[in-house]
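Per the numbering used here, numbering through the sequence shown is continuous, rising by one, with the last residue being 62.
Structure record follows, encoded as structure tokens.
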Amino acid sequence: MAGAGSLCPGPLRLARLPLARVKALVKADPDVSLASQEAVYILAFSSTRYYANNFTYYLQNK
1 MAGAGSLCPG PLRLARLPLA RVKALVKADP DVSLASQEAV YILAFSSTRY
51 YANNFTYYLQ NK
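As structure tokens, then:
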């Protein structure tokens, strides 16, 4: 029961990149003719994780 006083603020957004921009980048590749919404989401999610891991590594080794 999600109400105004709920501890869960809303749906969890795992990919922080805008999916429309990721899809535009995928469509810009001449080798790609069709990309499903799931494929675009996986690319956005994995890119977010890659960036977060490298940023954390950079901060720890600075």
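The beta-carbon is built from N, C-alpha and C at its ideal position, and this holds for glycine as well.
{"Query": "Under 7 Å between C-beta atoms of residue 35 and residue 26", "Result": "yes"}
{"Query": "Cβ neighbours of residue 22 in the same chain (closer than 7 Å, five flanking residues each side left out)", "Result": "40, 43 and 44"}
{"Query": "Secondary structure of residue 47, DSSP reduced to three states", "Result": "helix"}
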